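Protein chains in written order, with the working numbering: chain D, 7 to 107; chain H, -17 to 478; chain W, 10 to 497; chain Z, 3 to 189; chain V, 405 to 815.
Backbone N, C-alpha and C define an ideal beta-carbon position, used for all residues, glycine too.
On a predicted model such as this, the values are computed, not experimentally measured, just so you know.
A short write-up of the structure that comes next.
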Amino acid sequence: MTIPASWFLTLAALLFGIGAFGLLTRRSALIMFMCVELMLNAVNLTFVTFSNSLHDVAGQASVFFVMVVAAAEVTVGLAIVVAVFRRRQSNTVDDLSELKG
Amino acid sequence: MRSPLLIIVLLLLPVIGIATLSVRPWDARMTTRIAASLTVVQLAVSLVAAVGYHSRGGGAFGLTYRRVLASSWGLSFDIGIDGISIFLVILTALVTALALLGASHGERTFVRWILLLNVATLGAFVTRDLLLFFLFFELTLIPSYFLIANYGGPARSAAALKFFVYTLFGSGFFLVGMVYLGVRHQHIFGGDVTFAYDELAKVALSPAAATWVLVGFLIAFGVKSPLFPLHSWSPAAYAEAPTAGSMMLSALLAKLGTYGLLRFGVALLPDGVDRVRPYVMTLAVIGILYGSGVAAVSKNLKRLVAYSSLAQVGFIILGMFSGSLVATNGAVLLMFNHGIITAALFLLIGGLERRRGTSDIAGLAGLQGPAPVLAALFTVVMLGSIGLPGLSGFVSEFLVLLGAFNAHPWWAAVATTGVIFAALYLLWAYQRVFHGVAEGDNATVADATIRERSVLAPLVAAIVVLGLYPALLLRTIEPSVVTSVTHSAVSHGGGQ
Amino acid sequence: MTITMPSVNYLAIAPILVLLGGSLALMMIAALTKSRVSLGVATVTSAAVCAVATIVSVFQWSDVSSHGESTTLAHAVAYDGFGIVATAIIAVTTLLATLSARDWIARARTVGVEFHILLLAAAAGAMMMAQANDLIVVFLGLEILSIGLYVLVAYDRHRSTSSEAALKYLLLGGFASALFIYGAALTYGGTGTTTLTGIAYFMAHNFILQPGVLVAGVGLMLVGFAFKVAAVPFHTWSPDVYEGAPSPVTGFMASVVKVGAFAGVLRILIGALGTQATAWRPLVAALVILSTFLGAGLALVQSNIKRLLAYSSINHAGFMLLGLWSATPRGVAGTLYYVMTYAPVVVATFTIVSLRGGVNEDLHELGGYRGLARRQPLLGAALAVLLLSQAGAPFTTGFYAKFAVLTAAVDAGGAWIGVAVMVAASIAGYFYIRLVLSLYDTHDSAEVVTVPRTSAFVIAVGVLSALVFGVWPGPLESLAQHAVLLLP
Amino acid sequence: MTATVPDLLVFLAAAAMVVVGAIGVITFRNPVHSAISLILTLLGVAVAFIEQEAHFLAAVQVIVYAGAIVVLFLFVIMFLGVDEREDVTVEPLIGQRPLAYASVFVTVGGIVAMLSRGGWVTGASTVTGPTAVYNGSTVDNVTAVGQSVFTTYLFAFEATAALLIIAVVGAVVLARRERSVEGGESA
Amino acid sequence: MSVILAAGDPLYVLGVDVTVVVIAAIKVLVAFAALMGSVTLMIWFERKVISDMQSRIGPNRWGPFGLLQTLADGIKLFFKEDLIPAQADRFTFKLAPYLALIPALITFTIVPVGNSVTIAGHTFLLQVADTPIGILLLLAMSGLSVYGVILAGWSSGSKYPLISSVRASAQMISYEAALGMTVVTVVLATGSLSTHDIVASQAGGFWNWNLIRLGVVPFVIFLIAITAELNRPPFDVVEAESELVGGFHTEYSSLRFALFFLAEFMNTITMSAVMVTLFFGGPSGPVPNIPHLEWLFPILWFLGKTVAFCFAYVWFRAALPRFRYDQLMDLGWKRLIPLSLAWMLLVAGFLVSPAWGFSLAAISLLGSVALTRAFEIGTTREVGPDAVLPTVGERPLPPYVLRRLTDGEDN
């Protein structure tokens, strides 16, 4: 491989950080979900990079499971957003006024 | 009778009482009767056990029984009595019985709390397993908290809270120190971790570690006793608690602290004692002076007794930490004596409070006129507390001071002023309350009832008898004190 | 091209299969019967399923005792005493939660067999975590558990706080999962395998000069777990979610999540990465101190019992982490004992909270508990015992739990941390005892709470477990002691 | 293997897609724009996968993420009509944003530093099974991943079944429209 | 990196030099040009065939048989005013047509048009790229192709296009699963994802075609699903003129509209080609022994088959009424997905052994019975009378309270 693994790992860490930052600062539930997806993608990239540099297929198999989890999480998450939204016309977390935390 | 069964019976009696009272709501009279009769039986059994133990002689534990409950934690049901604990057992039974007879209004839950406190205290006195001791030690907290918080005076909540937080806070240190000891034992000797007293006595800690553990113990037991800077919960708690609660607290729970300090601190950690001795003795002396001083200016009889207790406990701890055998004997004796005297004092003050609705000194005057017998009883008890020769207080305080003086004259000299203070403030208080002209409600105060007289009689008798013939206890106490001190000396030497 | 399928020891995964099978069976019944599945049928089925799983774990125990530990399914599943005990705890707790939920469902009229389907499946997820021998399996178990819980939290559709709590839980849960799996990825990079025993083998046979990747991985996994068990400073979601979720679900959450998560984290950090303990212990120590103190401290100022219990649960998480911190077999046993005794108690507590809180979960003010014991002595006494057990009162299991982890910590050279947590415990003790005292307050404001029989059973189990094993701690102690973690 | 320059270009392209897309996700005010941005990132990651010989995953990445997940996002956004703009200039909580900056910076920096200190990859090669060799014979990536999933990760694979079922049941429970009567047999 | 393009193509085996790059570039260009050209033809073809079927003449003014009509229309669209609605989200509005077009172009790269040929000493496949993930690219691109529609509809800032978007996304997700599973049956039979291998495995006569080998069912499912993905009639609820006034492209005009149009017809051609590849042996067919022209016949076979499918699509449009939206969903979820799943199991089972095959068949049968019953029950529950209970606040009263209220007495 001509591209060093470190580049990809740094890219993944950066992606993870951007996702985490978005999750912490944005208030729209949907965008927060998307940030979770960004983070999971960073994880996938990390797994694949390690898999490639270790010449070991386990990392790629792991990515497969992460993807399944991401899909399941999104399914349930969006269903909850829909459930919340049906009761109240907003999707920003701050507007969830009944729970003060 | 030297069977450990006796001790188990001792522990079971109050449990039976609690169970019986829970069966159905008896009326107040019946409730008191059931509970009191059980504790009287308990007293009798404890006397039998004492005789059985004494007849065997020697200072080691008797009537022992051991059964492992949880091996990996080193928890075992390990009981036994020796010359130090047996009198505290008797004291527990006696004070509980008198509290129930003399100061109980027969409310069901109240009596159950008293009985629970009894079994917890008793359990702590008879166990030889530190973990089990801790369990009982902690268990006392719950009933005493509820006794204060639910049945006490107007400021009971704050007092109960202060009491609870202080004690709980302190006991954590004991637990950690104890666990450290047990773990060290395991590291040295292998096998399961153990908290058996005899086993832990073999552990030789480094002086620094021993000091830290002892400091932990001092915090826990110092709170309970109370030792000077950790005492601030006690006046409020003693003053706010109902009479029975005050009796149990000052006569029994305080002894739990000093007993723990003697048995697990002084005996197990001689290296630590050597290091902390000057500080602890200083604190004890400060406690004596401070307690006496504040007692002198107290406007309330209960607070006065509370502060005088602080001073008395100062003597006990001074004796234990002086490193002198004589003083230690005196300290053990003082534990018993103080228990009896302070219980009697609280009983009397409770009687006054019941009659007059207050225990403020300002509101009481000239009671000697309408209530001569009460005054007489008060006089005897008070004199015992002051340490009048011929009464029990004298012997023990004298032994403590004597022993301490030989070893550490300066501290003893200062502490002696505490005795003088005690005479001052108690006599002054007596003068204000009983002398003078009785006016208003004070003039119509009823004299001691038959019940009060019969309840106080054994206490007064004990004060007199032990003053005249202290050897009755001392010859049992001494071998055990010697055993535990030599015991520690051996381990001390063995560890080097 | 031949593929060798891994051998399967069905007994090893039997409880998981039983729970998933039960979940599936309920689904089938719901789909294929004309009338709606009655609450009774659903409750009895899922309770029976949990009971069967518990019984199966007894057989597993004797099997492992006689044949020793092993792994199955290509080293994905560990078959050891630790896993079996954790599995059994989960099964029993789920059984209690099912019964506890029965009355809530009946009262709240949120009928639907889906509740039980999700509950069983989530419990199966927790079991997977408990038995996992692979980072990916831990992750999947965690997700099955979490996703089931997200839905269960939102289950009360008549109350908007329920779904809002679920949303909050989901977002932070997703964050936690991402952190965990990122940590797992880095650990994979550091060791070249995702199998826990493989990692342990790698660690044992290689001296790693620069453990940077591993340290980062372990740290991230730990943070992910800290989120899941709501350890401070990753706890912010928990009071809101505890408050918003239906009370029986909160009970399930407070118990089963902790069992599963702690089983997983013990396996990973001690079983696989025990040799790296020096790297992760400082972090755990920080979590322990912060959780115990802030949990206890913030609980003091709560006026809502569910929030109070949430902070109390944070405090307990700190204690459980103490066993992890010690990084010794004794610590493992201590944490296991802790979750074992905490689980039934907390489920029973939330059962009472559920009964008291009313259908709309709007009666959770602490003031509403004043005088409860005066009016209903049995219920009040039960709650008092449950709270005292959580406070760590002597002669309740709560005390031994704290004692066990404390001993482990002191044994591992942590007398200082022991002192610290005991101070926190005394703060915690204060808010428990204050609540207990208010139960016995003469001020009589408590309304009469009707206690249906199933709830009464759950409460009784919780109380008796705390008291009986408080006086006679031997059996559970030896169980925890003999539940050995699989090591390569 | 091919020359370095194309690989470099591909990497740069992938990195640009990933980073620009990710920044877009967290800065766009409109959720739909964020979603489009997300697609860009996902495709970038897919390119990075291809660059690292993970062809199967690259395809799955596009199919699952871009093909299903983002479509689901868009569906919900449009279904609920929540595409109004969110005011990102208002701070959610006082100090939350600087805190987020700080914590994320520290975390990412820490991870990168750790990775570089740790020599990036320290694990042993081929513990589980090589990427392109299985049972001694050379197979392609798809086969290798497939075999790994059905052997090493068989249990995990079966567990995903439970995961997906629970997700579907959960989604149905939550999204099911409330009807005024829901069975009366509970009492 | 190169592997993704080169898996089965002998072109890259000997390394990459200038010639190879040139050949690859020429392949791309030829494919692009051919596709563009055929789209214009396809549009003409569709209009002409439909007019014939409806007994009309159809376009006939420009060029022979009106062949240049499409070109004329294109020029017209090119010069029309480019309108962007005021409510539109401008960026997305402009982006959407390209998102529609690009996947259509990329999908064609995996279609083998003919067998390999040798030019200038280089043997190469008549296929733009034979990737190892081959057929997965089809799924990926069909997944991406929906974005054009969704985003176009949403960004128009108008109601009908928005409904169209929602429909498109739901429809896409619904049919993707069935599509995927039929593709898996093909992959199971072949043992490879590469389209080249898929075609190669079908060589040697029409009885080897996947159509026959796998039973006709996968093909039918694939045809239905792909038609739905293409939004072609009878599944064109997304752009139904009579309901949604054209759906997502209502607000589009000029060149952007032309791009959508282009994409749709290009997709039709590509999917016809894919279907030929997957089920009809691709370019395989009898090759007469004519020197130097062997390479031509496979191409002709391929073209012939593809045109047949193109005709079929046109025929559908002319002959079949549009599905209702709920029918479309029902068909996708309740029929196609279970059926494709069952068939996939069956194929997998028979590939292992007949015993497995029959037992899986039995299981599938049982499953289908159960499913039928579940659907039945679900339907009856849906239509059951919605009794209205009195409520306290938001919560219905518990039944026992209700019973008391209605019975009027307290037992």
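Among the options, which residue has its Cα nearest to the Cα of residue i?
{"i": "V434 (chain V)", "options": "V:F684, V:E450, V:F512, V:W747", "result": "V:F512"}
{"i": "H84 (chain W)", "options": "W:A308, W:T202, W:L331", "result": "W:T202"}
{"i": "S54 (chain H)", "options": "W:V341, W:G273, W:A130", "result": "W:V341"}
{"i": "A102 (chain Z)", "options": "D:T31, D:A89, D:H61", "result": "D:T31"}
{"i": "R414 (chain H)", "options": "H:N311, H:G348, H:R6, H:V447", "result": "H:G348"}
{"i": "L229 (chain W)", "options": "D:A11, D:I9, D:G23", "result": "D:G23"}
{"i": "W334 (chain W)", "options": "W:A382, W:I279, W:L387", "result": "W:I279"}
{"i": "V453 (chain V)", "options": "V:A723, V:G557, V:G736", "result": "V:A723"}
{"i": "A183 (chain H)", "options": "H:L112, H:I72, H:I432", "result": "H:L112"}
{"i": "A325 (chain H)", "options": "H:G366, H:A420, H:N311, H:A142", "result": "H:G366"}
Going by DSSP in three states, residue i sits in which element: helix, strand or coil?
{"i": "V50 (chain H)", "result": "strand"}
{"i": "R88 (chain W)", "result": "The question names Arg, yet the displayed sequence has Tyr at residue 88 (chain W). Strand."}
{"i": "D814 (chain V)", "result": "Annotation note: pLDDT 39 at D814 (chain V) (below 50); position unreliable, coordinate value reported separately. Coil."}
{"i": "T522 (chain V)", "result": "strand"}
{"i": "E78 (chain W)", "result": "coil"}
{"i": "D342 (chain H)", "result": "strand"}
{"i": "A421 (chain W)", "result": "coil"}
{"i": "V87 (chain D)", "result": "helix"}
{"i": "N311 (chain H)", "result": "helix"}
{"i": "N142 (chain W)", "result": "coil"}
{"i": "T128 (chain Z)", "result": "Residue confidence for T128 (chain Z) is low, a pLDDT of 42 falling below 50, so the modelled location carries little weight and cannot support an answer."}
{"i": "L270 (chain W)", "result": "A small correction: the amino acid at residue 270 (chain W) is Ala; Leu does not occupy that position in the sequence shown. Looking at A270 (chain W) - three-state DSSP - the assignment turns out to be helix."}
{"i": "L375 (chain W)", "result": "helix"}
{"i": "A178 (chain H)", "result": "strand"}
{"i": "S367 (chain H)", "result": "helix"}
{"i": "L176 (chain Z)", "result": "helix"}
Since residue i and residue j should fall inside the 8 angstroms C-beta cutoff, what is the C-beta to C-beta distance between them, to a whole number of angstroms?
{"i": "L315 (chain H)", "j": "L438 (chain H)", "result": "Rounded, the Cβ-Cβ distance is 21 angstroms, inconsistent with contact."}
{"i": "A164 (chain Z)", "j": "A130 (chain W)", "result": "6 angstroms"}
{"i": "R117 (chain W)", "j": "D165 (chain W)", "result": "A small fix is needed here, since residue 117 (chain W) is Ala in this sequence, not Arg. A117 (chain W) to D165 (chain W), Cβ: 6 angstroms. Contact."}
Alpha helix (DSSP H) segments (min. 4 residues) lying fully within the region 626 to 697 of chain V
645 to 648, 658 to 683
In the region 223 to 290 of chain H, which residue ranges form an unbroken beta strand (DSSP E) of at least 3 residues, counting only runs that do not cross its ends?
none
Within the region 193 to 255 of chain W, ranges of the alpha helix (DSSP H) (whole runs, at least 4 residues)
205 to 214, 221 to 237, 246 to 253
Quick one: which unbroken alpha helix (DSSP H) runs of 4-plus residues sit fully inside the region 528 to 597 of chain V? Chain order, please.
538 to 559, 563 to 594
Which residues, taken in chain order from the region 414 to 425 of chain W, show a beta carbon closer than 8 angstroms to some beta carbon of chain H?
L415, T416, V419, D420, A424
Given a limit of 8 angstroms on CB to CB distance, which residues of the region 152 to 185 of chain W reach chain D?
E152, I156, Y159, V160, A163, R166, S169, T170, S172, E173, A174, A175, L176, K177, L179, L180, G183, F184
What residues in the region 33 to 61 of chain W bring their beta carbon closer than 7 angstroms to a beta carbon of chain V?
A40, L41, K43
Taking beta-carbon pairs under 8 angstroms, can you tell me which members of the region 588 to 600 of chain V lie near chain Z?
L597
Between the region 206 to 236 of chain H and chain W, which residues of the former have CB atoms less than 9 angstroms from a CB of the latter, in chain order?
none
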